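Asker: Before I ask anything, here is the structure I am working with.
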DNA sequence: GTGACTTTGTGCGTGCGTTCACAAGTTCGT
DNA sequence: ACGAACTTGTGAACGCACGCACAAAGTCAC
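Chains as they are written, first to last, in the numbering used here: chain A, 3 to 251; chain B, 3 to 251.
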């Protein structure tokens, strides 16, 4: 979701050779994390039911997801943890190192640069860029912050494939355009804007404010339901009637 | 998706009177943001097509989404921006103030506490909690960081309805349990763990590492496709033959 | 080797979400 | 007043995803 959810990731809906459904891909990292934990605890084998509980999904769904990667389980036994970790990692492309550039070293950029989860999974932050001259030159997470003016140099020179935008909203589209122009094809966007990119570029958006608003909606609905129950059905009818007038405006 | 997807938000699938599909709810904040921008630019009226472009969705989908809220458009004209902003805000529950507590004031917690998008949309951070004695007592975003020991006091005393977990993974489940115990029914989880909660509690998870891994998958697939094309169809056929399984699977 | 037991892999029905395409309603020019 | 142009709201078709339920395949005890 997704959702949070996704932006333009299914430009090619044709079921390709190893066509793994997007919904499955989105869950693989969760499985991977659960499996890694199991491995660290020394667990050698796991059933779909156990893993499903750990990942917070239905066991049938888990099995179907894994079946898209191949038949890596053993009936009557389960899945070998280490082996499955490797297979999922390979499928996700985590057996190679991905070079990442983070643009925007404010509060969020700091957090991202220091986030251990990146480095631990084959992602290497190769550069931090910021537009603020006061920030440029600072050392964050072992890297010297460089100016956004160097964007083209950094991305072209080094073999960077993923750009992370942690800037204020207004700056994001321009920087995104520049990233795309230098050949970046994957962008993780934390700025509160909808980025326009060519079809060949994948964008995923993470929006804190959006998530809170979705929670607020459900929270409100829960509160309303309780209120209706408390007030009885008569009150609910009163509410429903005026809504019809509102349709006519 | 997206994507960052959702955890157990459809416990009650029954299409209620105002039953708005989850997929629609997830997009309303995006529409709201686009509309707010238009309003600030002084735009009075917008067509579904224009708004759809601004929000990065299909115009038919946009119209269907909005139709779930009621008939707020005018045929031949479009939607009145201010009015639509109000209607969506009301539907999302943003006309009331939601009180939020942030737990974990590390890099990410700092970023969250200082994030303008919260306050601007009816969310008030009423407390920051941390387990680290060195952090407790610091002032962040105009609030004094308090100890997690005060969690129960803070949440019960004040009328807090949403908890944000920005702690390391291992601490999250315990803190979540305590939040639930004191009556919190909505949790936004940044910790890299799958939280176990009662059905009555909504959890949304934001996972930076997951997002990057999904991007890596697509990036890898793009690279693979290019490689096949570059190698020519002969090579592709060689591949295809053994993978006749590819067709029949 | 055989039968009881466990667990995977998947065919199938169902429901949700997306998109098309068009009727219904509104404005504008003449 | 009327027709052309526009735009919303929605019926209907389609496709994807989920989850049930079971056959296939393996293990274990004896």
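The beta carbon of each residue, even a glycine, is placed where N, CA and C say it ideally should be. Given the structure is predicted, the values throughout are model-derived calculations rather than measurements.
Determine which residues of the segment 57 to 71 of chain B have a Cβ less than 8 Å from any Cβ of chain A, and write them out in chain order.
Answerer: Residues 57 and 58.
Asker: So with Cβ pairs under 9 Å, would you call residue 108 of chain A a contact of chain B?
Answerer: One-based indexing of the first chain puts residue 108 of chain A at position 106. Taking Cβ atoms only, chain B reaches closer than 9 Å to residue 108 of chain A, which makes this a yes.
Asker: In chain B, which residues lie less than 8 Å from residue 112 of chain A when you measure between Cβ atoms?
Answerer: Position 110 of the first chain, counted from the start, is the residue given in the question as residue 112 of chain A. Within chain B, the residues near residue 112 of chain A are 109, 112 and 113.
Asker: So residue 204 of chain B contacts chain A; which residues on that side make the cut at Cβ distance below 9 Å?
Answerer: The count along the second chain starts at 1 and reaches residue 204 of chain B at position 202. Result: 216, 217, 220, 221 and 224.
Asker: Since I believe residue 182 of chain A is in contact with residue 195 of chain A (beta carbons under 8 Å), could you give me their beta-carbon distance rounded to a whole number of angstroms?
Answerer: Here residue 195 of chain A is taken as the residue at index 193 of the first chain, counted from 1. Here residue 182 of chain A is taken as the residue at index 180 of the first chain, counted from 1. Rounded, the Cβ-Cβ distance is 15 Å, inconsistent with contact.
Asker: Taking residue 35 of chain B as the query, report the chain A residues whose CB atoms sit under 7 Å from its CB, ordered along the chain.
Answerer: The sequence position of residue 35 of chain B within the second chain is 33, counting from 1. Under the 7 Å cutoff, chain A gives 194.
Asker: Quick one: residues in its chain with C-beta nearer than 8 Å to the C-beta of residue 161 of chain B, no 5 flanking neighbours on either side, listed in chain order?
Answerer: Your numbering for residue 161 of chain B matches position 159 in the second chain. Closer than 8 Å at the Cβ level, and outside the excluded window around residue 161 of chain B, lie 101.
Asker: Chain B partners of residue 208 of chain A, CB-CB under 8 Å?
Answerer: Counting from 1 along the first chain, the entry for residue 208 of chain A is found at position 206. In chain order: 6, 208, 210 and 213.
Asker: What residue does the alpha helix (DSSP H) around residue 50 of chain B start on, and which one ends it?
Answerer: Within the second chain, residue 50 of chain B is the residue found at index 48, counting from 1. Its alpha helix (DSSP H) spans residues 50 to 57.
Asker: Distance, Cα to Cα, residue 68 of chain A vs residue 29 of chain A?
Answerer: The sequence position of residue 68 of chain A within the first chain is 66, counting from 1. The sequence position of residue 29 of chain A within the first chain is 27, counting from 1. Cα to Cα, the separation comes out at about 10 Å.
Asker: In chain B, what lies closer than 7 Å to residue 187 of chain A by C-beta?
Answerer: For the purposes of this step, residue 187 of chain A is taken as residue 185 along the first chain, with counting starting at 1. Correct list: 221 and 224.
Asker: Helix, strand or coil: how does DSSP classify residue 47 of chain B here?
Answerer: Walking along the second chain from the start, residue 47 of chain B turns up at place 45. Three-state DSSP puts residue 47 of chain B in a strand.
Asker: Would you call the CB atoms of residue 165 of chain A and residue 186 of chain A closer than 9 Å?
Answerer: As a working note, residue 165 of chain A is residue 163 in the first chain. As a working note, residue 186 of chain A is residue 184 in the first chain. Their beta carbons are under 9 Å apart, which means residue 165 of chain A touches residue 186 of chain A by this criterion.
Asker: So residue 164 of chain A contacts chain B; which residues on that side make the cut at Cβ distance below 9 Å?
Answerer: Indexing the first chain from 1 puts residue 164 of chain A at position 162. Neighbours of residue 164 of chain A on chain B, chain order: 214, 217, 218 and 221.
Asker: Looking at residue 167 of chain A and residue 150 of chain A, is the spacing between their C-beta atoms short of 9 Å?
Answerer: As a position in the first chain, residue 150 of chain A is number 148, starting the count at 1. As a position in the first chain, residue 167 of chain A is number 165, starting the count at 1. No, the pair does not count as a contact, with Cβ atoms beyond the cut-off.
Asker: Based on Cα-Cα distance, which residue from B:139, B:143 and B:59 lies nearest to residue 152 of chain B?
Answerer: Your numbering for residue 152 of chain B matches position 150 in the second chain. Selected option, being the one with the closest Cα: B:139.
Asker: Please confirm whether residue 200 of chain B has its beta-carbon closer than 9 Å to some beta-carbon of chain A.
Answerer: Counting from one through the second chain, the residue named residue 200 of chain B turns up at place 198. So no, residue 200 of chain B is outside the interface.
Asker: Taking all protein chains shown into account, decide if residue 228 of chain B is buried (16 or more other Cβ within 10 angstroms of its Cβ) or exposed.
Answerer: On the second chain, position 226 is the one that residue 228 of chain B refers to. Result: exposed.
Asker: Tell me which same chain residues have a C-beta within less than 6 Å of the C-beta of residue 193 of chain A, skipping the five on either side of it?
Answerer: Within the first chain, the letter at position 191 stands for residue 193 of chain A. Only 167, 169, 171 and 174 meet the Cβ criterion.
Asker: Assign residue 134 of chain B to one of two classes, buried (16 or more other C-beta atoms within 10 Å of its C-beta) or exposed (fewer than that).
Answerer: Residue 134 of chain B sits at position 132 when you count from the first residue of the second chain. Classification of residue 134 of chain B: exposed, given that the 10 Å Cβ count is below 16.
Asker: Please list, in chain order, all residues of the same chain as residue 179 of chain A whose beta carbon is under 6 Å from its beta carbon, the five residues on each side excluded.
Answerer: On the first chain, residue 179 of chain A is found 177 positions in, with the first residue counted as 1. No residues qualify anywhere along the chain.
Asker: In or out: residue 113 of chain B buried (at least 16 other Cβ within 10 Å) or exposed?
Answerer: One-based indexing of the second chain puts residue 113 of chain B at position 111. So residue 113 of chain B ends up on the buried side.
Asker: Would you mind sorting residue 1 of chain B into buried or exposed? The rule is 16 or more other CB atoms within 10 Å of its CB.
Answerer: Here chain B has residues from 3 to 251 only, and residue 1 of chain B is not among them.
Asker: Assuming residue 32 of chain B and residue 212 of chain A make a contact with CB atoms under 8 Å, what is their CB distance in whole Å?
Answerer: Looking up residue 32 of chain B in the second chain gives position 30. Looking up residue 212 of chain A in the first chain gives position 210. Yes, they are in contact, since the Cβ atoms of residue 32 of chain B and residue 212 of chain A sit about 7 Å apart, within 8 Å.
Asker: Does any residue of chain B have a CB that is nearer than 9 Å to the CB of residue 93 of chain A?
Answerer: Indexing the first chain from 1 puts residue 93 of chain A at position 91. Chain B contact via Cβ: present.
Asker: Whole alpha helix (DSSP H) runs in the segment 54 to 89 of chain B with 4 or more residues, listed along the chain?
Answerer: Fully enclosed alpha helix (DSSP H) runs of 4 or longer: 61 to 69.
Asker: Quick one, are the C-beta atoms of residue 158 of chain A and residue 184 of chain A less than 9 Å apart?
Answerer: Taking the first chain and counting its residues from 1, the one referred to as residue 158 of chain A is at position 156. Taking the first chain and counting its residues from 1, the one referred to as residue 184 of chain A is at position 182. A contact, by the Cβ cut-off of 9 Å.
Asker: Tell me which same chain residues have a C-beta within less than 7 Å of the C-beta of residue 36 of chain B, skipping the five on either side of it?
Answerer: Taking the second chain and counting its residues from 1, the one referred to as residue 36 of chain B is at position 34. So the list reads 53, 56 and 57, once near-sequence residues are dropped.
Asker: Is the beta carbon of residue 156 of chain A less than 9 Å from the beta carbon of residue 107 of chain A?
Answerer: Position 154 of the first chain, counted from the start, is the residue given in the question as residue 156 of chain A. Position 105 of the first chain, counted from the start, is the residue given in the question as residue 107 of chain A. No, the Cβ-Cβ distance between residue 156 of chain A and residue 107 of chain A is not below 9 Å.
Asker: Residue range of the beta strand (DSSP E) that residue 125 of chain A falls in?
Answerer: As a position in the first chain, residue 125 of chain A is number 123, starting the count at 1. From DSSP, the beta strand (DSSP E) with residue 125 of chain A extends over 125 to 132.
Asker: Got a sec? Which residues, its chain only, sit under 7 Å from residue 200 of chain B by beta carbon, not counting five neighbours each side?
Answerer: By 1-based counting over the second chain, the position of residue 200 of chain B is 198. These residues qualify, in order along the chain: 182.
Asker: Within the 9 Å Cβ cut-off, does residue 88 of chain B reach chain A?
Answerer: Here residue 88 of chain B is taken as the residue at index 86 of the second chain, counted from 1. Not an interface residue.
Asker: Cβ of residue 124 of chain A less than 9 Å from any chain B Cβ?
Answerer: Position 122 of the first chain, counting from 1, holds the residue named residue 124 of chain A. It does; some Cβ of chain B falls within 9 Å.
Asker: Can you find the residues in the same chain that come closer than 7 Å, C-beta to C-beta, to residue 98 of chain B, ignoring five residues on each side of it along the sequence?
Answerer: For the purposes of this step, residue 98 of chain B is taken as residue 96 along the second chain, with counting starting at 1. Contacts found: 124.
Asker: Distance, Cα to Cα, residue 249 of chain A vs residue 191 of chain A?
Answerer: In the first chain, the residue the question calls residue 249 of chain A occupies position 247. In the first chain, the residue the question calls residue 191 of chain A occupies position 189. Confidence is the limiting factor: at residue 249 of chain A the pLDDT is only 27, short of 50, which leaves the residue's position unreliable and the question unanswerable from this model.
Asker: Is it buried or exposed, residue 206 of chain A, if we count other Cβ atoms within 10 angstroms and call 16 or more buried?
Answerer: Position 204 of the first chain holds residue 206 of chain A. Per the 10 Å Cβ criterion, buried.
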